[in-house]
Amino acid sequence: MQQRKTNPDILSTPGHLISLAARAFARLSEARLKPLGFGIGYLPVLVALEEGRAETQRDLARFARIEQPSMAQMLVRMERDGLIQRTPDPADGRSSRISLTDTARARLPEACAELFRGNGEAMAGFSDEEAAQFIALLGRLIENLERLTKE
1 MQQRKTNPDI LSTPGHLISL AARAFARLSE ARLKPLGFGI GYLPVLVALE EGRAETQRDL
61 ARFARIEQPS MAQMLVRMER DGLIQRTPDP ADGRSSRISL TDTARARLPE ACAELFRGNG
121 EAMAGFSDEE AAQFIALLGR LIENLERLTK E
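Using full-length UniProt numbering, you'd call the opening residue of the sequence shown number 1 and step up by one each time.
Okay, here's the thing in structure tokens:
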């Protein structure tokens, strides 16, 4: 039986390399956030609530760029873990307002510090200019991908 050769260039594509980097960042972040009672997926929600950018499930899903059912499941876990609380929306009886608990507010600064530390360690060897350029390039790439997926 003849063995099929894989094109080695496939393993050097931006998509593949970014996927590998994203998974490695997620593993690093999860390991550092777990002792604080956070998952990496919680951070966009926690930050949005902390900064007042969102307070409903719909707004949080839009902010975090995930689907409503996934956001609903995450909010159930976060409520179970004592990180968020829900109160009825006075303007819409079918909706709830979501806010951080004191526990989440107390732990969030340390969680953010851990993430920044991990990102800094991952960017070791990059100059400040290279790091800034890398971030700008990733931002442009994300914009391109979002445009392409909407078409």
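By construction, the Cβ of each residue, glycine as well, lies at the ideal position given by its N, Cα and C atoms.
Where residue i falls, given that 16 or more other Cβ within 10 Å makes a residue buried
i, result
"V45", "buried"
"Q57", "buried"
"A31", "exposed"
"I84", "buried"
"L75", "buried"
"L145", "exposed"
"L100", "buried"
"A54", "buried"
Selection from the options that minimises the alpha carbon distance to residue i
i, options, result
"G52", "M78, I98 and L137", "I98"
"P14", "F116, G41 and L138", "L138"
"G120", "I135, A48, L108 and A106", "I135"
"M123", "V47, R147 and A24", "A24"
Cβ pair residue i, residue j closer than 8 Å
i, j, result
"G118", "S29", "yes"
"A86", "S70", "According to the sequence as given, residue 86 is Arg; it is not Ala. In this structure, S70 does not lie closer than 8 Å to R86 by Cβ."
"A111", "L60", "no"
"E50", "L108", "yes"
Supposed close pair residue i, residue j - CB separation, criterion 8 Å
i, j, result
"A26", "I10", "Their Cβ separation, rounded to whole angstroms, is 22 Å, which puts A26 and I10 out of contact at 8 Å."
"F63", "A48", "5 Å"
In DSSP terms, what residue i is bridged to
i, result
"Q85", "S99"
"G92", "The residue you asked about is not Gly; residue 92 is Asp in the sequence shown. DSSP, once it has assigned bridges, lists D89 as partnering D92."
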